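Quick note: the sequence shown uses numbering that gives the first Met the number 0, first residue 0, plus one each step.
Glycine included, C-beta positions come from ideal geometry on N, C-alpha and C.
Keep in mind it's a predicted model, so treat the numbers as computed, not measured.
To start, the structure under review is shown below, and the notes come after it.
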Amino acid sequence: MAGLLHGEKVDERPIQLHIQDAGSSQCTMENTALRSCSAVGTSLHPPFLSCQISGERFPFIKTSSIWHQIEPMEVFRKVPQEPHFLPLQQFMPELREGMAIGLMVTYASLVESVKRSSIEDNIELFERKINALAHLEENGFDVKLLQHSLMKLLEAKWEHTKHLGHLDELKELVPRKESAMYHKHALLVEKEGAIFQLEQKLECLRGEAEQIARETKDEDAELLRLKEGVNIAQEACVNVEVRFHDILSDMRSRLQLSE
């Protein structure tokens, strides 16, 4: 498609139009009569109207001056295209050129749109662009690189969306966990305070217990001395009683007194 891709202008000189069908008929017209090309056959609107321009074949007659604005565009110079527009055969001939121009503009717009893609773009936008590229591909545009790039971008967008969802879930959990940890920390402080008080009380009780133990030891020793004293006193009493009875018995024996 030399005229479309390299900015070649449509020749203003008479153009030979070849309209072919099963009968291999041809018709030749002047440029001024391009809009009234007639096809061989009985139908007023044949299913395929082919006009050969500079070696190109399209299902429409290329007459609009808009082509001179589209073909020199940077996107077509850097990435040459050779669309055939064959799917346009299903439409009326009067509509085909305008639709072809629309497809050219759509391709240029899509390239610019893809180039300016943002991670913030929604997934539906990427999918629409992919579908649009598929439609352009049906019309002969070479969109494989764009399709590959868009699929990679869509994959990254899906992954980014998944991570954002996970991030939102985590962000919701953080304040809950912080609140739970705050209560746990407060409870821990409370328990540590209670433990400190109990340890102080325990230390005090240990001191009291040690004091009581010392006092008990001293009192045990005193009790032992008292018991020994009791035993000594009891033994002394017994000895005195025995001695008393011995003295009394001796006196009676000497006096020969009966008991």
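Under the three-state reduction of DSSP, which class applies to residue i: helix, strand or coil?
i, result
"F57", "strand"
"S63", "coil"
"Q255", "coil"
"H182", "helix"
"E202", "helix"
"F84", "coil"
"F90", "coil"
"M72", "coil"
"P79", "coil"
"G2", "Bear in mind that the predicted position of G2 carries a pLDDT of just 37, short of 50, making it unreliable; the figure below should be weighed with that in mind. The answer is helix: DSSP assigns G2 an H, G or I state."
"Q15", "Bear in mind that a pLDDT of 28 at Q15, under 50, signals an unreliable position, so the number given afterwards is only what the model happens to contain. DSSP places Q15 in coil when its eight states are reduced to three."
Which residue wins for smallest C-alpha separation from residue i, given the options the options?
i, options, result
"S112", "S148, E240, G139", "S148"
"V104", "A131, I118, F90", "A131"
"L145", "N138, A133, K156, A155", "A133"
"K151", "D219, R76, I122", "I122"
"S116", "K156, E227, K161", "K156"
Go through its chain and collect everything with a Cβ distance to residue i's Cβ below 8 Å, but skip five positions before and after it.
i, result
"L172", "none"
"F195", "none"
"H159", "I118"
"L256", "M250"
"I100", "S63, I65, W66, I69"
"D167", "none"
"K183", "none"
Please work out which residues of its chain come closer than 7 Å, Cβ to Cβ, to residue i, disregarding the five sequence neighbours upstream and downstream, and give them in chain order.
i, result
"A107", "M72, V74"
"E136", "V142"
"K128", "L109, S112, V113, L149"
"M98", "L87, F90"
"R213", "none"
"I231", "none"
Output needed for residue i: all residues of its chain with C-beta closer than 6 Å, excluding positions within five of it in sequence on either side, in chain order.
i, result
"L153", "F125"
"P82", "N138, G139, F140"
"K216", "none"
"D219", "none"
Alpha helix (DSSP H) segments (min. 4 residues) lying fully within the stretch 96-160: 122-137
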